[in-house]
Amino acid sequence: MSISLSSLILLPIWINMAQIQQGGPDEKEKTTALKDLLSRIDLDELMKKDEPPLDFPDTLEGFEYAFNEKGQLRHIKTGEPFVFNYREDLHRWNQKRYEALGEIITKYVYELLEKDCNLKKISIPVDATESEPKSFIFMSEDALTNPQKLMVLIHGSGVVRAGQWARRLIINEDLDSGTQIPFIKRAVAEGYGVIVLNPNENYIEVEKPKIHVQSSSDSSDEPAEKRERKDKVSKETKKRRDFYEKYRNPQREKEMMQLYIRENGSPEEHAIYVWDHFIAQAAAENVFFVAHSYGGLAFVELMIQREADVKNKVTAVALTDSVHNFFFFFAGKTIREWMRENCCNWVSSSEPLDTSVESMLPDCPRVSAGTDRHELTSWKSFPSIFKFFTEASEAKISSLKPAVTRRSHRIKHEEL
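Going by mature numbering (1 follows the signal peptide of the UniProt record, and there is no 0), the letters in the sequence shown line up with residues -20 to -1, 1 to 396, in that order.
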């Protein structure tokens, strides 16, 4: 069993505290002083000194992992699944390693959307200048021109990006359960146009610029000799401070700042922007949404902001374990009624797939996704969602057919 540097530093203090606590009441002051000393020690900083460098590969091959023919992530040499605890007792380092792998997975899924699914990557805002922050979405070639059907996919909150349902599933299960690729491929095969939203790509991160504070010694009123002496002292002070900072925090990460993307600074803003600039312009008579988790809330906000347009264009909405319930109360009565008629929420439940699930709220219909795992609800309800959309299309066609009245029956009878 390995003993970390931080443990070796703290061990004498813990031993002293144990010895003092066995003594009489006169030792209480010493105990208090030692406790105060412990409270001043930054354990996180001590742990960083034990860590290997936060320097990770930038490719799957560098991590020695690859996806096999079943879409499962496996170690190239051992064939084993991904191991989170790569280094024992270094949780922070293991987490950083996992996050670095996750960023590679995100880029890998983007490549699959373009190469395997034949989607186009579209930059937004559409009128962005060369220098401003940008995001992007993915669309099929016929997304705006398909006259019949368009499917729009919205994932949930967190680290996931366009084309993903859950990073954890991609890494620990497979690509089918964790990505939107099965939805996209089936939608294209059944004649849908497709738009894949990217609601969590709200800003870019850049390193914070270093602020140089002008020294008071720059004053022209001071003699040159005195200014030089002050500058020398200032440089020595900075040198000592930098040396101390390097020792105190050897794994110091860069300080970053966020530059938000115009009109796409939140999932809700993003959904409205893509609606206004793409979905509303699409030729499709029937638009269908699949929205997971927080994506459901983004859809409800879209309805609140664009109610008439959404009602006119959207045929059905499939929600998967949506968290829209709170926003549902802010929606008007007409929106709530429309959602009860045109939406269905596949929720996490141990009941069999499509079993009705009661709700305490006057919400849209809720049925079981056939799993009690939140992140799996989209994948498990996959066949039912396509069936739901087909039935919604057929119902809409039926409702548009002219009704056969008694009068028309009588006319036909008289003509005969």
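All C-beta atoms, glycine included, are put in the ideal place defined by N, C-alpha and C.
Quick caveat, the model's predicted, so the values are computed rather than measured.
Note to self: Restricting to Cα atoms, I'd like to know which of Lys293, Thr300, Asn152, Thr159 is closest to Gly143.
What the structure shows: Along the sequence shown, one-based indexing puts residue 143 at 163. Comparing Cα positions, the closest option is Thr159.
Next item on the list: Select from Leu333, Thr295, Phe362 the residue whose C-alpha is nearest the C-alpha of Ser348.
Entry: Locating residue 348 in the sequence shown gives position 368, counting from the first residue. Among Leu333, Thr295, Phe362, the Cα nearest to that of Ser348 is on Leu333.
Next item on the list: Evaluate the contact criterion for the stretch 345 to 360 versus the stretch 145 to 159: three or more CB pairs, one atom per stretch, below 8 Å.
Entry: yes
Notebook entry, point to check: In the structure shown, what three-state DSSP assignment does Gln52 receive?
Noted result: By 1-based counting over the sequence shown, the position of residue 52 is 72. Gln52: coil per DSSP, three-state reduction.
Checklist line | Spatial distance of Val89 from Pro247 (CA atoms) | finding: The count along the sequence shown starts at 1 and reaches residue 89 at position 109. The count along the sequence shown starts at 1 and reaches residue 247 at position 267. Roughly 20 Å separates the two Cα atoms.
Notebook entry, point to check: Closest to Ser328 by CA distance: which of Arg353, Leu239, Trp318 is it?
Noted result: The sequence position of residue 328 within the sequence shown is 348, counting from 1. It is Arg353.
Item checked: Residue environment, Ser379, which counts as buried when at least 16 other CB atoms sit within 10 Å -> The residue given as residue 379 occupies position 399 in the sequence shown. Classification for Ser379: exposed.
Next item on the list: Say whether the stretch 159 to 168 touches the stretch 65 to 83, bearing in mind that this needs 3 or more beta-carbon pairs closer than 8 Å, one atom from each stretch.
Entry: no
Check: Nearest CA to the CA of Trp318: which residue from Pro345, Thr335, Thr300, Glu338?
Finding: Taking the sequence shown and counting its residues from 1, one reaches residue 318 at position 338. Ranking Pro345, Thr335, Thr300, Glu338 by Cα distance to Trp318 puts Pro345 first.
Next item on the list: Closer than 7 Å by C-beta to His55: which residues in its own chain qualify, once you throw out the five before and the five after it? Chain order, please.
Entry: Mapped onto the sequence shown, residue 55 falls at position 75. Contacts found: Glu44, Tyr45.
Margin query: Please classify Val186 as buried or exposed, where buried requires at least 16 other C-beta atoms within 10 Å of its C-beta.
Written below: Taking the first residue of the sequence shown as position 1, residue 186 is located at position 206. Classification for Val186: exposed.
Next item on the list: Please state whether DSSP places Gln128 in a helix, a strand or coil.
Entry: Within the sequence shown, the letter at position 148 stands for residue 128. Gln128 falls in the coil class under three-state DSSP.
Check: Looking at C-alpha atoms only, which residue of Gly171, Phe36, His304 is the closest neighbour of Leu130?
Finding: Counting from 1 along the sequence shown, the entry for residue 130 is found at position 150. It is Gly171.
Check: Any idea if Val270 is buried or exposed, counting beta-carbon neighbours within 10 angstroms, 16 or more meaning buried?
Finding: On the sequence shown, residue 270 is found 290 positions in, with the first residue counted as 1. Flag for Val270 reads buried.
Next item on the list: Run the CB neighbour count on Thr370, radius 10 Å, all protein chains shown included, and call it buried at 16 or more, exposed below.
Entry: Counted from its first residue, the sequence shown places residue 370 at position 390. Result: exposed.
Notebook entry, point to check: Could you give the residue range of the beta strand (DSSP E) that holds Tyr172?
Noted result: Along the sequence shown, read from residue 1 onward, the residue named residue 172 stands at position 192. Per DSSP, Tyr172 belongs to the beta strand (DSSP E) from 172 to 176.
Margin query: Rounding to the nearest angstrom, what Cα-Cα distance links Arg286 and Glu265 in this structure?
Written below: As a position in the sequence shown, residue 286 is number 306, starting the count at 1. As a position in the sequence shown, residue 265 is number 285, starting the count at 1. Using only the alpha carbons, I get a separation of about 17 Å.
Margin query: Do Leu124 and Phe258 count as a contact pair if the criterion is CB distance below 8 Å?
Written below: Taking the sequence shown and counting its residues from 1, the one referred to as residue 258 is at position 278. Taking the sequence shown and counting its residues from 1, the one referred to as residue 124 is at position 144. Yes, the pair counts as a contact, with Cβ atoms nearer than the cut-off.
Notebook entry, point to check: How about the stretch 278 to 292 and the stretch 150 to 157: do they share at least three Cβ pairs that are nearer than 8 Å?
Noted result: no
Next item on the list: Starting from Leu239, follow its DSSP beta bridges and name the residues at the other end.
Entry: For this step, residue 239 is matched to residue 259 along the sequence shown. Answer by DSSP bridge pairing, in chain order: Ile184.
Note to self: How far does the beta strand (DSSP E) with Trp326 in it extend, from its first residue to its last?
What the structure shows: Reading the sequence shown from its first residue, position 346 is the one you call residue 326. Per DSSP, Trp326 belongs to the beta strand (DSSP E) from 323 to 327.
Notebook entry, point to check: Can you list, in chain order, the residues of its chain whose CB lies under 7 Å from that of Tyr274, leaving out five sequence neighbours each side?
Noted result: Translated into the one-based positions of the sequence shown, residue 274 becomes position 294. Around Tyr274: Gly136, Ser137, Pro247, Val303.
Check: Under three-state DSSP, which class holds Tyr45?
Finding: Numbered from its first residue, the sequence shown carries residue 45 at position 65. Strand at Tyr45.
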